[in-house]
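First comes the structure, then the notes that go with it.
Numbering (UniProt numbering), first residue to last: 1 to 124.
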(Lines of atoms letter the chains of each structure in order from A and count residues from 1; the text may use other names and numbers.)
(Lines give C-alpha, C1' and ligand atoms only; values in the text may rest on other atoms or scores of the structure.)
Protein backbone atom coordinates (compact mmCIF):
# COMPACT_ATOMS: atom_id res chain seq x y z
CA UNK A 1 0.00 0.00 0.00
CA UNK A 2 1.36 3.43 -0.96
CA UNK A 3 1.46 6.37 1.46
CA UNK A 4 0.04 9.80 0.67
CA UNK A 5 0.25 13.24 2.23
CA UNK A 6 -2.63 15.70 2.15
CA UNK A 7 -1.95 18.60 -0.23
CA UNK A 8 -1.84 22.00 1.42
CA UNK A 9 -5.37 23.21 0.73
CA UNK A 10 -7.02 26.26 2.24
CA UNK A 11 -10.48 25.49 3.67
CA UNK A 12 -13.06 27.46 5.60
CA UNK A 13 -14.48 26.03 8.81
CA UNK A 14 -16.82 27.11 11.59
CA UNK A 15 -17.44 25.30 14.85
CA UNK A 16 -21.11 24.48 15.45
CA UNK A 17 -22.73 24.32 18.87
CA UNK A 18 -26.41 25.07 18.23
CA UNK A 19 -28.96 26.04 15.59
CA UNK A 20 -27.90 29.22 13.79
CA UNK A 21 -24.18 29.01 14.65
CA UNK A 22 -22.92 28.61 11.09
CA UNK A 23 -22.11 32.02 9.57
CA UNK A 24 -24.20 31.21 6.46
CA UNK A 25 -27.20 29.73 8.30
CA UNK A 26 -29.27 32.87 7.70
CA UNK A 27 -27.90 34.13 4.42
CA UNK A 28 -30.88 33.82 2.08
CA UNK A 29 -34.54 34.78 1.98
CA UNK A 30 -37.05 31.91 2.21
CA UNK A 31 -40.65 31.72 1.11
CA UNK A 32 -43.03 30.27 3.69
CA UNK A 33 -46.64 30.09 4.70
CA UNK A 34 -48.02 32.90 6.87
CA UNK A 35 -51.13 31.76 8.79
CA UNK A 36 -52.29 35.33 9.44
CA UNK A 37 -52.28 36.13 5.72
CA UNK A 38 -53.34 32.62 4.69
CA UNK A 39 -50.75 32.94 1.94
CA UNK A 40 -47.09 32.54 1.11
CA UNK A 41 -44.67 35.34 1.84
CA UNK A 42 -40.94 35.95 1.94
CA UNK A 43 -39.04 35.80 5.23
CA UNK A 44 -35.75 37.73 5.38
CA UNK A 45 -32.59 36.23 6.88
CA UNK A 46 -32.84 38.74 9.75
CA UNK A 47 -36.44 37.77 10.50
CA UNK A 48 -35.61 34.06 10.38
CA UNK A 49 -32.64 34.55 12.73
CA UNK A 50 -34.66 36.69 15.16
CA UNK A 51 -37.24 33.90 15.36
CA UNK A 52 -34.47 31.30 15.80
CA UNK A 53 -35.79 29.34 12.84
CA UNK A 54 -33.86 26.49 11.29
CA UNK A 55 -30.52 27.35 9.72
CA UNK A 56 -29.70 26.90 6.03
CA UNK A 57 -26.45 24.94 6.45
CA UNK A 58 -27.00 22.95 9.64
CA UNK A 59 -30.67 22.11 10.01
CA UNK A 60 -32.54 20.59 12.94
CA UNK A 61 -31.98 16.90 13.51
CA UNK A 62 -35.20 15.01 12.79
CA UNK A 63 -35.79 11.28 12.81
CA UNK A 64 -39.24 9.87 13.53
CA UNK A 65 -37.60 6.66 14.76
CA UNK A 66 -35.36 8.44 17.31
CA UNK A 67 -36.63 10.29 20.37
CA UNK A 68 -35.13 13.73 20.96
CA UNK A 69 -34.18 12.58 24.47
CA UNK A 70 -32.14 9.61 23.21
CA UNK A 71 -28.41 10.05 23.86
CA UNK A 72 -25.94 10.24 20.97
CA UNK A 73 -23.60 7.24 20.91
CA UNK A 74 -20.67 9.51 20.02
CA UNK A 75 -20.96 12.57 22.28
CA UNK A 76 -23.51 11.45 24.90
CA UNK A 77 -25.74 14.53 24.50
CA UNK A 78 -29.44 14.20 23.72
CA UNK A 79 -30.35 14.06 20.03
CA UNK A 80 -32.54 17.12 20.60
CA UNK A 81 -29.44 19.38 20.53
CA UNK A 82 -27.96 17.88 17.36
CA UNK A 83 -28.04 19.19 13.82
CA UNK A 84 -28.21 17.67 10.35
CA UNK A 85 -26.15 18.58 7.31
CA UNK A 86 -26.43 17.43 3.70
CA UNK A 87 -23.11 16.31 2.24
CA UNK A 88 -22.01 14.80 -1.07
CA UNK A 89 -22.25 11.36 0.59
CA UNK A 90 -25.73 12.01 2.01
CA UNK A 91 -26.93 13.47 5.28
CA UNK A 92 -24.88 13.47 8.47
CA UNK A 93 -25.66 14.15 12.12
CA UNK A 94 -23.80 17.12 13.60
CA UNK A 95 -22.87 16.94 17.28
CA UNK A 96 -22.48 20.17 19.28
CA UNK A 97 -18.81 21.14 18.97
CA UNK A 98 -18.28 19.61 15.51
CA UNK A 99 -16.56 21.71 12.89
CA UNK A 100 -18.39 22.38 9.62
CA UNK A 101 -15.82 22.41 6.84
CA UNK A 102 -16.40 24.02 3.46
CA UNK A 103 -14.28 22.11 0.97
CA UNK A 104 -12.47 23.22 -2.16
CA UNK A 105 -15.61 22.91 -4.33
CA UNK A 106 -18.00 24.49 -1.82
CA UNK A 107 -19.14 21.16 -0.38
CA UNK A 108 -19.77 21.06 3.37
CA UNK A 109 -19.28 18.28 5.87
CA UNK A 110 -18.90 17.86 9.63
CA UNK A 111 -15.62 16.98 11.33
CA UNK A 112 -15.15 15.88 14.95
CA UNK A 113 -13.07 18.33 17.04
CA UNK A 114 -10.22 15.87 17.73
CA UNK A 115 -9.85 15.01 14.01
CA UNK A 116 -10.05 18.69 13.06
CA UNK A 117 -7.32 19.61 15.55
CA UNK A 118 -5.05 16.81 14.30
CA UNK A 119 -5.60 17.69 10.62
CA UNK A 120 -5.90 21.48 10.37
CA UNK A 121 -4.14 24.57 11.69
CA UNK A 122 -5.27 28.18 11.60
CA UNK A 123 -3.93 30.47 8.86
CA UNK A 124 -3.11 34.05 9.71
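Glycine residues also receive a C-beta, built at the ideal position from the N, C-alpha and C atoms.
As the structure is a computational prediction, the values presented were derived from the model and not from experiment.
- For residue 113, the enclosing alpha helix (DSSP H) covers residues 113-119.
- Take residue 11, set aside five residues on each side of it, and the residues of its chain with a beta-carbon closer than 8 Å to its own are 101, 102, 103, 104, 120, in chain order.
- Looking at the backbone, the Cα of residue 43 and that of residue 23 are separated by about 18 Å.
- For residue 60 against residue 79, the beta-carbon gap comes to about 10 Å, at or over 8 Å, which does not count as contact.
- In this structure, the CA atom of residue 32 is about 24 Å from the CA atom of residue 81.
- With respect to the 8 Å criterion, residue 94 and residue 113 are not classified as neighbours on the basis of their beta carbons.
- Checking the DSSP bridge columns, you'll see residue 92 partnered with 85.
- DSSP places residue 62 outside any alpha helix (DSSP H), giving it a letter other than H or E.
- Under the three-state reduction of DSSP, residue 45 is assigned to helix.
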